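Enquirer: Got a structure for you, questions after.
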Amino acid sequence: MGQARVLVTGADGFIGSHLTEALVRAGHKVRAFTLYNSFGTRGHLDALPKEILAEIEVHAGDIRDPGSARAAVKGSDRIFHLAALIAIPYSYVAPDSYVDTNITGTLNLLMAARDEGVSTFVHTSTSEVYGTAQYVPIDEAHPLNAQSPYAATKVGADQLALSFQRSFDMPVSVIRPFNTFGPRQSTRAVLPTIITQIAAGQNSIRLGNLTATRDFCYVRDTVAGFIAVADSKATIGEVTNIGSGFEISVGDAANLIAKLMGREITINVDDDRLRPVNSEVERLWAATDKAQRITAWRPAYAGLEGFGRGMEETITWFTNPKNLERYDPTRYQL
């Protein structure tokens, strides 16, 4: 895309911060919508190089507030909407807050974007909306089967976004990333949990379900997918999967990470890290044919080899003492 005035909601999050950085490096004028807090922190944006952060207009607010959302959208050409509550375990505890943020917050942004006449609105979905795979690889025609309150609110938000495209001819595209990983990720996600426990010197690590498989997509590929979806008119009104096209079990991923880190480990299943039985998504594996057909995107970190390369880059970042000290590997992070 040519130089644009771009709004990234959820810019303070893991994927959002990487996307924001990539857009700045590409020469765009970026406004980063972050969740207001009284500490003055800007989430993962605070980890960006100072020269990149200096180029970003930070807008602290809350997508649940219509006025805050409207102020953030004003003057934007393109919107990448990533802001959401995403922790599945916490959605069992506080489902109301997921409705407020993921559905009402999305509605606030869609209303503001419609009135502003933006040229592109990329809405972020999640592979969790598919539930346990009924067939693999999972394409965009796979039935939706929300198995957690989080997933249910994302189904609702996705359909709301698509309805605005159909009802108001808005340029809305839905991107559906599978399990993204990489530097700066929270230990709420399983791969950083594994890395930080090993890096802290633990030979016996605690995890949840070891047999569930995931399509782990390196963050560089996910970010490239966002930009490719925004650049393709063929994605408007469509859902587009972004993944590595490869599945691996959590247990096998843990053993691969240990091998890359030169360690031998034993794995203990921690009951506190298990989802309720009917809520566990047992298998996710992305079909990416559609993305490769209608956009210029191709996964650069595909398959087992790509997963290993992405994991080596991720391990290098996490094992830097300055980065590792941000994490507490002894604590289970919801």
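Here the sequence shown is numbered in UniProt numbering, starting from 1 and rising by one per residue.
Just so you know, even glycine gets a beta-carbon here, dropped at the ideal spot from N, CA and C.
Predicted model, so just to flag it, every value in this text is computed and none were measured.
1. Checking 8 Å against the spacing of the C-beta atoms, do residue 45 and residue 26 come in under that value?
2. Taking C-alpha atoms, which residue in 234, 226, 284, 39 lies nearest to residue 123?
3. Taking DSSP as the reference, what is the three-state secondary structure of residue 29?
4. So, helix, strand or coil for residue 127, using DSSP?
5. What number of angstroms, rounded off, separates the C-alpha of residue 190 from the C-alpha of residue 30?
6. How many angstroms separate the CA atom of residue 205 from the CA atom of residue 264?
7. Considering just the uninterrupted stretch of the beta strand (DSSP E) at residue 265, what are its terminal residues?
8. Can you tell me the Cα-Cα spacing of residue 315 and residue 185, whole angstroms?
9. Excluding the five sequence neighbours on either side, which residues of its own chain have a C-beta within less than 7 Å of the C-beta of residue 28, listed in chain order?
10. Under 8 Å, with one C-beta from each stretch per pair, do the stretch 195-202 and the stretch 317-326 reach the 3-pair mark?
11. Tell me where the alpha helix (DSSP H) around residue 95 begins and ends.
12. Could you give the C-beta distance for residue 288 and residue 245, rounded to a whole number, given that I count them as a contact under 8 Å?
13. Between residue 63 and residue 20, is the Cβ-Cβ spacing less than 8 Å?
14. Checking 8 Å against the spacing of the C-beta atoms, do residue 188 and residue 87 come in under that value?
15. Could you check whether residue 332 and residue 252 sit closer than 8 Å to each other, using their CB atoms as the reference points?
16. Return the chain-ordered list of same chain residues with a C-beta closer than 8 Å to the C-beta of residue 203, the five sequence neighbours on each side being excluded.
17. Count the other C-beta atoms from every protein chain shown that fall within 10 angstroms of the C-beta of residue 168, then say buried if there are 16 or more, exposed otherwise.
18. Based on Cα-Cα distance, which residue from 81, 222, 298 lies nearest to residue 181?
19. For residue 293, tell me which candidate among 240, 281, 37 has the shortest Cα-Cα distance.
20. Can you give me the start and stop residues for the alpha helix (DSSP H) that residue 227 sits inside?
21. Around the C-beta of residue 276, are 16 or more other C-beta atoms found within 10 angstroms, so that it is buried, or is it exposed?
Expert: Based on what the coordinates show:
1. no
2. 226
3. strand
4. helix
5. 30 Å
6. 11 Å
7. Run containing residue 265: none; DSSP gives neither H nor E here.
8. 11 Å
9. 3, 4, 6
10. yes
11. 95-98
12. 5 Å
13. no
14. yes
15. no
16. 263, 264, 265, 266
17. exposed
18. 222
19. 240
20. 219-231
21. exposed
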